[in-house]
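The structure appears below as structure tokens.
Chains as they are written, first to last, in UniProt numbering: chain A, 1 to 348; chain B, 1 to 348; chain C, 1 to 348; chain D, 1 to 348.
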């Protein structure tokens, strides 16, 4: 019953095997090795983007902040959902990497509507040099509260961005889970919609710590390389990033693991619904936010469920508190069913 | 005959075994796991520094730049050797992480003398707010051209820094190799001399990609954590960094691997000396810079030796060009002897 | 009928006289002159703050951004009203000078309530290193939409800041006008409430371009000096800043000019009220935001009134548009009465 | 005998007159006034550069740092003389404004030779993403130790920059004095040589505090405006900067004042030569560095001469210490002759 995060579970065994296989002989460092080149090509193939530049980094925050740094100037602002990861959980990394750009918060949840986005962009138009300039639009799929944009919704957001000539960043820490949920291809969820730079996350889907940044316009590529090095994110023993990603790309592991995670979450979501639990997440992939009385949370945790509560845990027992459940590829149905069974007992 | 870098060879098998062993069950992320805590304690023990704060990051550039960012203000300058790694090979990462501090280059090689350091510090004293303020002193051991400071030399540099009240950063990408060369303990090469923050490198000594930053004054610790997160260097699946470092710390692997690398380099160095080769490195650990006619380099490379030439490779055959040979833990005596034998043939 | 801004009118003649008087003989630069020292002491006296450090800069944006840079770390966030000048009209200068701190927008207007401030601060508490840390609180009086906080309101905001141990910045581009409106002393509107750094603006009250930054805790003083120089805001011919400020401080010019501006605005405000105009500003000093049909605005402007419209001017005639009227010290009652008379005619 | 700096003397009376003349009526702020537009056009005319963008700022450090910020990326390095003002006297402002670019010090004095510049640029070519990239070349005329490049020398430096495709920044805090010394036009000392952005300084030549930044490629103009605002260097009451610059441009005041300063310095230089004084400055305009025994300096200062000594003033009387003499437009021959007469007496 470990639902704390999709970074809590083990890496898939194929990842370990790939590391072992790569751990032989000598190679040049910093990505100048055959395995890295092979993986870059596989990602270009997967994304049907033969011109794309592909880079591997170790963390999602690095991937996002570096991506924004090539899309946004220091005197500009990034439009994103009010509760985006880049707002809440990166300790000002976007501001750091962009050299001090602002984030303009759109809406009040983890998703934006096209109308909200348009309105926020339009509001940054009348002040000339006094206000920040319009910079990039950053979209997250799967979003922070577990909601998944449909392709149509993503297209509508990208269309607004393009109408104003703004580049689009896709935070894809859970790119695979979104693809699985939408039953779409990576190309359909990225450049075909107008995404300029996509993060194709691996860490939250069975790798040890690798994210690919896919830059569809190769003119931005060398600047990205320089900023990656300047940020300390160019790994010398690059083959160990490449090996993980290679396992991910082999036999659709990325998609299969995402599907496993989503399947567990669907089981969980349906179970919660049946129990009449107040669900915050409306369009889930592998993350579910939900409300329960604090006492019920405490009882679940006492029974062995591990997950985070959001906000105040100090109130009286009866107060309603939001919890977050995340399913990773490994959690399986047994854990989910035990959780639901405990909850059923508690609510009874 | 692969002497390109100590990041070219394989990770030690114990590292793979440790990763596999760690790859089971669920843990909290971001370093909130038992293995990370155990490794932090082992490093405190190794350094005989019970109060030290210990953090793991993925690259040496990250380790150095983050260390400097808690030692140096944006309006200050870092004193370091003219050919330090932080000057030449980090694409302005120190400037980025410090918010725009300057690097004052001391001397013209990879090492500073205490007199040069004192003179450089004194030169920054007469301009009040007009010039940068004196910030940190950054020392590298093993230095970039392969030279190893003795403990007495390090002590003299630290004494100069302390005389002016300046904190000391030790770039220890090859900390282990320096310890092995000096036959000293980590404490003797760090806080006992006055080092404030030491980088204890693993990547160039058999790990896949982990460096420990050891902060002897814990008052700087939380700021480091925030800057690490802001830089995108807080790994969520921290156990995989910790597992590597744990293998490193078990049965003195860090020291044994360093000794292997140094032994190979000593064999190589002695062989080059016997052949009358012009050696730039004077006090080697596992890196050797040397001069040869370009033709000799080309013949060596044609025979299968892999290593970097520094600077102009386009001149006439007879011109003297500097080469760099780096021995890693795995290279062994056979490769060295073959290299020397090829060179003997070529020079004959 | 020139109500575009309080930076639109002429400097007071005493300012020109002071410049002329200062323009004789030789002095050392960068503030090392007697006139600067005299002015610094006069400001300490005015603020009843004998320990305060006082610095002169040329623009309000410089004053605010430099003040925040000594109160807030790059990994922190500044709490301020959603429509603060530092948010809307400084093109990311606060982010630039703080090295990438965030601004957390409180409420949705130009003022914060203590409850809103507390709630925003509390919301930044649960994420550890993942979110930005709590930094400074920034308060503006007179606020951007012309509202003036009472001393009690300011005290309540400062109390919230102090409860969380956060420093307080007071953006006082219109400090004088606020003092005049509140009939209070500078000390009563600054350190006596808990303000740590106050901007005492001159540019919007009859000077050519000088703002004083008053730092009540002198421990932050030297860092401010370094950041001022690093920002390019240390004027070499400092006597010309000092001379302007000296005129400002002589015979209460600062207060008299502010009173003139406020008197004109009061006349205007009362006239608008009598005409039944929808007034946005509730507690005015010398700035008034108000709503009119676009046609009425256009008619006023055609009649010679100069002032800014906020937002969309492209809609149909009947749409309601916000206008901003700013009175400076020089505008006088004749201009105001002519404006009201024109408006009376138009609305009739 | 006030030779401390050319920022020590009074502003020219015409500057005060121009301020007074400008101090009437109402204008829009931030440069949207007729006088600013007129002055911008006059500078375009003076520089024979009808397409140039012209901006006014208040300090030389702001002018230089902002200019570099539109010429150089954070991951690049600026090539400049080892003792350039941007190195020694701007407290890391170039690093701040460029977002952390490096300065590569060329030569060891205040001037570079083309060979030194070429060598420094070439040295930054072999490290790919590991080292900083080649950014801008920054040249100062008049240089920090008082030396004036000839047009041929400037052309040779610009040619090296252009050979590598690098933009050129001209630090012209003493642009006028250099023009006067070289008897050339502003165009001949700027874009005709390949300069991309020139600073046309007024503060050190009789203004209160205004520098013009002349950007010959208007594509960089709007970015400059944004960075100026973000740096807090956009003055709201712009007419007072414009008025000063207007006086400067009227009846060749800029050139006449520079000629006066240079004439005084020439008188001084010749006098020092006749007295056999060891002169460091070889090609003076209005600044002279020279060596004297400390005792002689002390005697001069006791006699009323005001000027700075460089470096150690604490040695024994006989030690040789460098002094700096700067002539401004107002100093005149009487002061110079009195100084020489005192020195003659002292040396006798």
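The beta carbon of each residue, even a glycine, is placed where N, CA and C say it ideally should be. Please read these numbers as outputs of a predicted model, since none were measured by experiment.
- Legend: CB atoms of the segment 75-107 of chain B lying less than 7 Å from CB atoms of chain C belong to residues 75, 99.
- One alpha carbon belongs to residue 254 of chain A, the other to residue 248 of chain A, and they sit about 5 Å apart.
- Residue 261 of chain D is positioned such that its CB atom lies no closer than 9 Å to that of residue 191 of chain D.
- In this structure, residue 335 of chain A places its C-beta atom within 9 Å of the C-beta atom of residue 3 of chain A.
- From the listed residues A:159, A:145, A:144, the smallest Cα separation to residue 151 of chain A is found for A:159.
- Note on geometry: alpha-carbon atoms of residue 209 of chain C and residue 19 of chain D lie some 13 Å from one another.
- Taking C-alpha positions only, residue 259 of chain A is separated from residue 141 of chain A by approximately 15 Å.
- Scanning the segment 138-178 of chain B from its first residue to its last, the whole alpha helix (DSSP H) runs of 4-plus residues come out as 151-163.
- Secondary-structure assignment with DSSP links residue 79 of chain B through a beta bridge to B:104, B:137.
- The Cβ-Cβ distance between residue 16 of chain B and residue 27 of chain B does not fall below 9 Å.
- Residues of the segment 203-229 of chain A with a C-beta atom less than 9 Å from some C-beta of chain D are 222, 223, 225, 226, 227, 228, 229, listed in chain order.
- Under the three-state reduction of DSSP, residue 127 of chain C is assigned to coil, being neither helix nor strand.
- By the Cβ-count criterion, residue 347 of chain A is exposed, with fewer than 16 other Cβ atoms from all chains shown falling within 10 Å of its own Cβ.
- Taking 9 Å as the cut-off, the beta carbon of residue 76 of chain B is found closer than this to the beta carbon of residue 136 of chain B.
- Counting C-beta atoms within 10 angstroms of its own C-beta, residue 278 of chain D has fewer than 16 neighbours from the protein chains shown and is therefore classed as exposed.
- Counted as a single uninterrupted DSSP element, the alpha helix (DSSP H) harbouring residue 94 of chain D occupies residues 93-98.
- Looking at the backbone, the Cα of residue 177 of chain D and that of residue 331 of chain D are separated by about 15 Å.
- Looking at the backbone, the Cα of residue 149 of chain D and that of residue 92 of chain D are separated by about 25 Å.
- Of the residues assessed, residue 99 of chain D falls on the buried side of the cut-off, its CB having 16 or more other CB atoms within 10 angstroms.
- Of all alpha-carbon atoms in D:155, D:291, D:95, D:126, the one lying nearest the alpha-carbon of residue 325 of chain D is that of D:291.
- In summary, residue 127 of chain C is exposed, with fewer than 16 beta-carbon neighbours lying within 10 Å of its beta-carbon over all protein chains present.
- Exclusion of the five residues before and after residue 342 of chain B leaves 300, 303, 305 as the residues of its chain whose Cβ lies within less than 7 Å of its Cβ.
- Residue range 287-293 is occupied by the beta strand (DSSP E) that includes residue 292 of chain A.
- Counted as a single uninterrupted DSSP element, the beta strand (DSSP E) harbouring residue 200 of chain B occupies residues 197-201.
- Here the C-alpha atom of residue 276 of chain C lies approximately 11 Å from the C-alpha atom of residue 269 of chain C.
- Note on residue 206 of chain C: 16 or more other CB atoms within 10 angstroms of its CB, so buried under the neighbour-count rule.
- At a cut-off of 9 Å, the C-beta of residue 240 of chain A has no neighbouring C-beta in chain D.
- Put simply, of B:217, B:340, B:251, B:245 the residue whose alpha carbon is nearest the alpha carbon of residue 51 of chain B is B:217.
- Nearest Cα to residue 129 of chain C within the set B:222, B:242, B:286: B:222.
- When CB distances to chain A are screened at a threshold of 7 Å, the residues of the segment 124-142 of chain C falling below it are 126, 127, 129, 130, 131, 132, in chain order.
- Interface with chain B (9 Å Cβ-Cβ cutoff): residue 30 of chain C is included.
- Note on geometry: alpha-carbon atoms of residue 73 of chain B and residue 345 of chain B lie some 54 Å from one another.
- Of the candidates A:333, A:322, A:156, the residue whose Cα lies closest to the Cα of residue 298 of chain A is A:322.
- By the Cβ criterion, the segment 116-123 of chain D is not in contact with the segment 47-63 of chain D, since fewer than three pairs of Cβ atoms, one from each stretch, lie closer than 8 Å.
- Any Cβ of chain B closer than 9 Å to the Cβ of residue 167 of chain A would place that residue at the interface, and such an atom is absent.
- Residue 245 of chain A sits in a helix when the DSSP states are folded into three classes.
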